[in-house]
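Counting the sequence shown from 1 gives a position; our numbering is that position plus 1.
Input: a single structure, listed below in structure tokens.
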Amino acid sequence: MNALRHYLPQVRQYLQQQREIWPALGLCPTIRFQLTPIPGGAINLNYHLQVWGRHFVVRLNTVSQIGLDPAAQIRYEYCTLQFLKSTSLTPRPRYLDDTLQILPLGLLIEDYLPGRPLNYRRDLAAAARTLAIIHRLPVAKRHPFIVQDRPLQALFAESQHQADVFFAAGAPGKPGLAALLRELLERASARLSRDEAHFAAHPIRSLVNGDLNPANWLVRQGTAQLVDWERAQITSPALDLTHLLNITTTTWRDEFAHVLSPAEEEFFLNAYVASYPLALRPVLRWQFQLMRLYTYLRAFSWCAYWRARCYLDQVTIREAATDHKISQYLEPAFMRATLQSYL
């Protein structure tokens, strides 16, 4: 919460002084509004803006997870939301400031979506419907999105980079963690070309979110909406499917935690693939199984990366709940048990 509180006066002053914001929101200029922090983000600072009965989210990005500079990162998310607005399943973007001249961080204002986080026990069908709609959106040949034609290689490269940061920081953590992470990377590398060949032979490409933790879903009246599109990319839809169902996502926050049974996973996959032609359904299922190893590897290496950045005091937003969960996931016994079916 420290970073949220730190920037709160600056954001409030920004809204008071930048009069061109209000017409973009469909409102007359005003200095009378409510601005309150929205806790829970690890990368972005979010504030709930209430004015004249309207609700918006003011969003500041602190770091890019896809290698973009600060201005390009906030602009990338704005363009993604513009593309998705026809679905009514994502926030509508209203205003963008990517100049970094008045505030040191890129700023985006989007519609506030009411709703509750995803409940894995009762919202799997709604999540499947939403992902099927978004994943099947046609994307023009000319588009602003990052494209990953080799999805497994991209995941592996990201995992290797994150692990390298951890190793360079002295591998802070339990004895044996660094050796285990190196072993997992080596074993994944040994099968990478073979697994990637299947994706190359059967390319299915969609715009994916890439970060489907329960808090990024807002469920209301049976409809599941998705926020936080900073990591969007064109790649295999299996990236979203595996990320959503992996135990490192379903148990990320204790208040939403649920370990999915095989029957629940099958229920979700059946609901999702039903929107695809019959010939593609077994392909999607096989790509889902192949990709699980690599999304788990990314999750574990990200936890190690986060621990290294905390150790080096490079984290802007830090919460005790995040530290606690990362410690759980970086237990070597948990890592081995999670991956034993995929190696």
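Heads up, the beta-carbon is just placed ideally off N, CA and C, and yes, glycines get one too.
Here the structure is a predicted model, which is why all the values come from computation and not from measurement.
Buried is the label assigned to R308, since at least 16 other Cβ atoms lie within 10 Å of its Cβ. T131 places its beta carbon less than 8 angstroms from that of L90. Distance from the CA atom of T251 to the CA atom of P71, rounded to whole angstroms, is 30 angstroms.
Measuring C-alpha to C-alpha distances from T100 to each of A73, R122, P94 and T81 identifies A73 as the nearest. With a 10 Å radius around the Cβ and a threshold of 16 neighbouring Cβ atoms, R117 comes out exposed.
DSSP lists L227 as the beta-bridge partner residues of W218. Distance from the CA atom of L50 to the CA atom of Y113, rounded to whole angstroms, is 8 angstroms. The continuous alpha helix (DSSP H) containing L285 extends over residues R282 to Y312. In this structure, L261 lies away from E197, with their beta-carbon atoms at least 8 angstroms apart. Taking the Cα positions, C304 is about 29 angstroms away from E111. About 19 angstroms separates the Cβ atoms of Q149 and L186, ruling out a contact at the 8 angstroms cut-off. Under the DSSP assignment, P94 falls in the beta strand (DSSP E) whose first and last residues are P94 to D98. Looking at the DSSP output, S207 shares a beta bridge with T236.
Measuring C-alpha to C-alpha distances from F289 to each of L279, A300, S237 and S190 identifies S237 as the nearest.
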